[in-house]
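Shown next, in structure tokens, is the structure this report addresses.
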Amino acid sequence: MPTELTPLEKVRLEKLEHLREMGIEPYPNRAERTHTAEEAKAAFLTSEQAGEETGPRVTVAGRLRSMRPMGKITFAHIEDATERIQLFLRANDIGKDRLKLFNKFFDLGDFIQATGVLFRTHSGEITVRVEDFKMLAKAITPLPPAKDEVVDGKVVRHAVLADPETRYRQRYADLAVNPEVREIFRTRAKIVRALRDFLDDHGFLEVETPILQPIYGGAAARPFITYHNQLKQKLYLRISFELYLKRLLVGMYEKVYEIGRDFRNEGISFKHNPEFTQLEFYWAYADYFKVMEFAEEMIAFVADRVLGKRTLTWQGHEIDLNPPWRRVELRQGLIDAVGIDIKDCPTAEELAAAMKEKGIEPKPNASRGKLIDQLVSDYLEPNFIQPTFLYNYPRDISPLAKAMPGDPTMVERFEGFIGGMELCNAFTELNDPLDQEARFLEMGRTYAADDEERHPIDEDYLRAMRYGMPPNGGFGMGIDRLTMIFTDKRSIREVILFPHLRERGNAKPPAEAGENPTVEEKSNEG
RNA sequence: GGCCCAUUAGCUCAAUUGGAAGAGCAGGGGACUCUUAAUCCCUUGGUUGCAGGUUCGAGUCCUGCAUGGGUCACCA
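Following this line, the structure appears as structure tokens:
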């Protein structure tokens with residue numbers, strides 16, 4: 000059970016035992032903090048401005064981040080969630096033995112508290128003249144040393160935990176030494192808060208729908224599969240909230256949204272994590288153009304709240320989030336970008352031929368919709384650096400969207416892009432139960448040859464729709480990707496606290512959890 | 001899953017064409033009463049990701065594996 004300790008850890012463990020022998024508890028139950036570092040400094044400034052002779056007496060607590068012992072005095076910094084504050088320990092004040100105890104048995108990374116009167120050092124730094132100090136929690140494993148130097152008012156980090164694998168696997172250590180990483184997740188929380196406020200203010204009701212679903216749907220992805228023992232029933236982790244949220248429109252709610260986790264058993268990349276956070280909303284009596292305007296207003300609102308402005312820099316690009324965003328009609332976009340009018344190519348064969356004529360290799364065995372998707376991915380999306388809505392999509396890759404009047408091959412759907420990355424997806428929702436059933440059957444035929452991708456038909460969803468579903472517009476957006484845009488990160492792992500990595504030292508998966516499991520193989524009986 | 005790159009001390013990184021594995025920080029010992037990358041002296045620490053191979057000799061070249069990063073595929 001005990002793990003192998005490094006020599007550095009053994010040294011600290013010995014120090015911990017020494018403390019115990021001296022009657023000092025290295026993990027006491029209580030701390031007596033009166034001020035955060037930030038509050039302490041503010042209190043000092045207040046008393047200084049009032050002309051008081053001595054500064055306020057405070058007890059601060061935090062992690063020991065630097066120590067500079069100089070014989071009979073020691074300077075140190077502790078850091079809490081607000082900021083760092085300097086401690087000044089002097090043999091004259093606390094006695095030689097206490098100072099020696101501090102120098103010898105307290106280490107970088109330990110949580111401690113210190114009590115004393117605030118003053119300014121000769122160099123002007125607000126500092127605690129320590130009268131008493133206490134160990135709050137001894138650190139056994141040393142944090143990677145992160146020394147900061149202040150050069151011309153700028154903080155220069157000299158050694159830093161930079162290895163991405165260690166940073167993701169031990170996010171706690173990453174957060175502990177890299178304050179800018181802590182900031183990312185504060186920003187993320189602000190984004191989510193702003194989205195909620197915006198939707199709440201517009202009369203939307205926040206709801207929670209099942210994560211464990213008997214039938215998965217609403218997107219095209221392979222699911223994670225699990226099993227309920229008592230019900231003796233397979234369950235799927237949702238790949239989308241869509242079909243449940245739209246059931247609620249049948250139930251007479253007009254505006255609903257959910258922010259939560261989706262799970263997709265697909266490849267992992269710089270913009271894909273197996274579980275990711277999604278916002279979806281559904282809005283009765285709205286269509287996709289109304290949703291489009293609402294969406295760009297929503298993002299602008301988030302920018303106002305989170306950044307205080309509507310422009311930002313992402314990977315060197317100046318992004319302007321001010322509405323209205325650029326709008327590109329898909330058919331016209333492809334005419335302009337590749338010189339193919341998809342209207343002239345009503346079948347997959349004709350479109351593939353047109354692509355070959357332009358020197359583009361069409362994906363083998365792809366449907367017309369997939370070929371259009373290929374063209375969009377390769378020739379349109381990468382250029383959508385500024386916020387752009389691409390609208391009017393092919394029907395056969397959009398089985399839940401309503402067809403365009405006058406063109407049964409196309410649907411009223413748009414996607415939003417920033418930085419060349421798909422951010423959101425929306426449509427005028429299909430509410431015709433007979434059409435919906437036909438689409439489901441069509442999808443079933445399309446994938447009949449490939450069991451893996453075939454989705455089970457959600458009969459209950461069709462029943463709900465037969466009760467009558469108001470016309471509505473729906474919208475889905477990846478919160479992780481939005482956070483990437485707002486924090487100027489290129490990898491989704493930078494905005495997820497604990498991203499999924501392959502398990503260490505367990506390279507061989509259990510036999511029953513092999514690649515591409517079928518439902519039958521994957522269920523965990525018992 | 002394919003291809004490319006990486007893996008050296010706790011952390012960040014060196015190591016000429018194949019020729020004795022190093023530095024800074026952290027750690028240990030010592031000095032030092034206003035330091036802040038404190039400074040100064042001394043010092044511990046390595047099966048170079050793992051397993052093979054080529055060679056008189058491998059951190060360096062070859063093969064396989066592992067993990068990560070990138071990219072492609074996949075992701076209506």
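For what it's worth, numbering that gives the first Met the number 0 labels the leading residue of the first sequence as 0, then goes sequentially.
By construction, the Cβ of each residue, glycine as well, lies at the ideal position given by its N, Cα and C atoms.
Treat the numbers as computed from the prediction; the structure is a model and nothing was measured.
- Under the 8 Å Cβ criterion, the stretch 315-323 does not count as touching the stretch 464-481, having fewer than three qualifying pairs.
- In the three-state scheme derived from DSSP, where H, G and I count as helix and E and B as strand, H316 is classed as strand.
- Residue state for V305 is assigned as helix, using DSSP reduced to three classes.
- Judged by their CB atoms, A294 and G415 are nearer to each other than the 8 Å cut-off.
- DSSP, reduced to helix, strand and coil, places E360 outside both helices and strands of the structure shown, so it counts as coil.
- Classified as buried, E493 has 16 or more neighbouring CB atoms from the shown chains inside 10 Å of its CB.
- In this structure, the CA atom of T408 is about 45 Å from the CA atom of E502.
- Looking at the backbone, the Cα of E124 and that of D162 are separated by about 33 Å.
- Going by C-alpha positions, E182 is about 12 Å away from F485.
- Residue state for M21 is assigned as coil, using DSSP reduced to three classes.
- Looking at the DSSP output, M403 sits in a beta bridge with D406.
- Y392 is not a Cβ neighbour of V337, given a cutoff of 8 Å.
- Using a 10 angstroms sphere on the CB of T73, the tally of other CB atoms reaches 16 or more, which defines it as buried.
- Across the structure, R62 and I84 are spaced so that their CA atoms are roughly 10 Å apart.
- Residues of the same chain with a CB within less than 8 Å of the CB of P27, apart from the 5 flanking positions on each side, are K133, M134 and L135 in chain order.
- Its Cα nearest to that of A283, the residue L248 stands out among L248, D261 and R304.
- Of the candidates A42, R56 and F101, the residue whose Cα lies closest to the Cα of S65 is F101.
- Boundaries of the alpha helix (DSSP H) harbouring S46: A36 to Q48, taken from the DSSP string.
- Following the DSSP letters along the chain, one finds A463 inside the alpha helix (DSSP H) bounded by residues E458 to R465.
- The shortest CA-to-CA distance from P273 to any of G473, E279 and F262 is the one to F262.
- If the five residues before and after T120 are omitted, its C-beta is found closer than 6 Å to the C-beta atoms of T126, all from its own chain and listed in chain order.
- DSSP, reduced to helix, strand and coil, places F426 within a strand of the structure shown.
- For R56, there is no enclosing alpha helix (DSSP H); the enclosing beta strand (DSSP E) has its first and last residue at R56 to M69.
- Residue pairing by DSSP puts Y226 in a beta bridge opposite K233.
- Residue pairing from DSSP places A75 in a beta bridge opposite M66 and L86.
- Following the DSSP letters along the chain, one finds R492 in no beta strand (DSSP E), marked with neither H nor E.
- Using a Cβ-Cβ distance cut-off of 8 Å, the stretch 430-445 and the stretch 380-388 are not in contact, since fewer than three pairs of beta carbons, one from each stretch, lie closer than that value.
- Bounds of the beta strand (DSSP E) holding M476 are N471 to G477.
- Per DSSP, Q373 has no beta-bridge partner at all.
- Distance between P498 and G477, taken at the CA atoms: about 15 Å.
- M69 and E164 have their C-alpha atoms some 38 Å from each other.
- K9 is not a Cβ neighbour of F104, given a cutoff of 8 Å.
- With fewer than 16 neighbouring CB atoms inside 10 Å of its own CB, T53 falls in the exposed class.
- Looking at the backbone, the Cα of I139 and that of A219 are separated by about 47 Å.
- Contact between Y243 and L198 is absent: CB atoms are separated by about 17 Å, not below the 8 Å threshold.
- Per DSSP, the beta bridge partners of K254 are W282.
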